[in-house]
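Here is the structure we will look at, set down as structure tokens.
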Amino acid sequence: MKHWYVYKLTFSDGTFYYGYRGSICAPDKDLLVKYFSSSKTVKLKINNRIQVSKEILLETLVKEDAFIFEQQLIEIYLNSPLCINKVCYYKRKGFGLLDNTTRKILSNKTKARWQNIEFKEKISKKQKLSWTDERKQKHSKTMAKQYTEGKQPQLVKGRYCKGGKNNAGKKQTLEHIQNRTSKRIGSTHSIESKQKISLALSRTSTCIYCGKTMSISTCTRYHNNNCRTIINGSFCLLP
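Letter by letter, the sequence shown follows residues 1060 to 1298 in our numbering.
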């Protein structure tokens, strides 16, 4: 069963951070093992190997109780220079977790807003202006590092392995594709295989509705039961 807990992270430089988290496993096996908080500042400190200690302040089965308790703690220490938390929602208008009815109202408002053409154009203009040449170069550099220096192998979009229980549905690595294509370079089809290919391509089929003759693959995909001359399941010749 999923339970919620409120935690405090204290660093050796005196700074601290409050947060709450929902998990299936115990907090000791989750916090600083699988989960390292949602704060970028906390993650940066952990990556820089600054010593940190954790403290579990509350465990509950109710998400709202954990959220309110976390916000109460943040409100007390928000003005402290050592507090890493920057935002507090406690005692604000509409404070608390949203119920399903409120979520539906907000989702309907958002959908109606995005149906407005003027609003869409305004957002698209802002995005185009923010996407400068410098930003494009930074993005391309980060993507290049991710694929070249990353621990995971580079994957090619849209190409998946075939066969075998372990490989079925997995994306092929770039090395695998390069090795496979390198074997084909310089190789040619034999005369027998060329004749088989030409014979297969030369085979034709005639549509039973419009009477047009074409290759078997085209006829299967676009004609017979998929022919444009069929309207509402009855035969009708289009002008």
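The beta-carbon is built from N, C-alpha and C at its ideal position, and this holds for glycine as well. This structure is a prediction, so every number in the text was calculated from the model and none was measured.
Item, Value
"Along the chain, where does the beta strand (DSSP E) containing T1272 start, and where does it finish?", "1272-1274"
"Taking C-beta to C-beta, are L1068 and K1113 nearer than 7 Å?", "yes"
"Excluding sequence positions up to five away, which residues of its chain have a Cβ less than 8 Å from the Cβ of M1060?", "I1083, L1120"
"Helix, strand or coil: how does DSSP classify L1233 here?", "helix"
"Just curious, the beta strand (DSSP E) that S1257 is in, first and last residue?", "Segment 1250-1261 is the alpha helix (DSSP H) holding S1257; no beta strand (DSSP E) there."
"Unbroken alpha helix (DSSP H) runs of length 4 or more, entirely within the segment 1088-1134: which are they?", "1099-1106"
"What does the alpha-carbon distance come out to for the pair F1294 and L1260?", "In this prediction, F1294 scores a pLDDT of 46, lower than 50, which makes its location untrustworthy; the coordinate-derived value is nonetheless stated afterwards. Taking the straight line from one Cα to the other gives about 29 Å."
"Does the segment 1084-1092 come close enough to the segment 1137-1151 that 3 or more CB-CB pairs lie under 8 Å?", "no"
"Have a look at W1063, H1062, S1096, V1111 and flag the residue whose alpha-carbon is nearest the alpha-carbon of S1071.", "V1111"
"Rounded to the nearest angstrom, what separates K1099 and Y1076 at their Cα positions?", "11 Å"
"Could you give the DSSP three-state label for T1169: helix, strand or coil?", "helix"
"Might you give, ordered along the chain, the residues of its own chain that have their beta carbon closer than 7 Å to the beta carbon of K1184, omitting 5 neighbours on each side?", "none"
"Please classify L1027: does DSSP put it in a helix, a strand, or coil?", "This structure leaves residue 1027 out entirely; the chain is present only between 1060 and 1298."
"Which residue from C1147, S1274, G1270 puts its Cα closest to that of H1257?", "The sequence given here places Ser at residue 1257; His does not occur at that position. Taking only the C-alpha atoms, the option nearest S1257 is S1274."
"Report yes if the CB atom of F1095 is closer than 7 Å to the CB atom of I1105, and no otherwise.", "yes"
"Please state if the CB of Y1079 and the CB of F1305 are separated by a distance shorter than 7 Å.", "This structure does not reach residue 1305, given that the chain is present from 1060 up to 1298, and the question cannot be answered."
"Here's a check: name, in chain order, each residue in its chain whose Cβ is nearer than 7 Å to the Cβ of L1116, leaving out the five neighbours to either side.", "V1065, Y1066, K1067"
"Straight-line CA distance for Q1186 to T1265?", "51 Å"
"How is the beta strand (DSSP E) around I1246 delimited, first residue to last?", "First, the residue type needs correcting, since residue 1246 is Ser and not Ile in the sequence shown. No beta strand (DSSP E) contains S1246, which DSSP labels as neither H nor E."
"Evaluate F1128 with the Cβ neighbour count: other Cβ atoms within 10 Å of its Cβ, from every protein chain shown; 16 or more gives buried, anything less gives exposed.", "buried"
"If we ignore side chains and look at the alpha-carbon of each, how far apart do Q1130 and T1169 end up?", "27 Å"
"Do you know how far the Cα of C1286 is from the Cα of I1250?", "36 Å"
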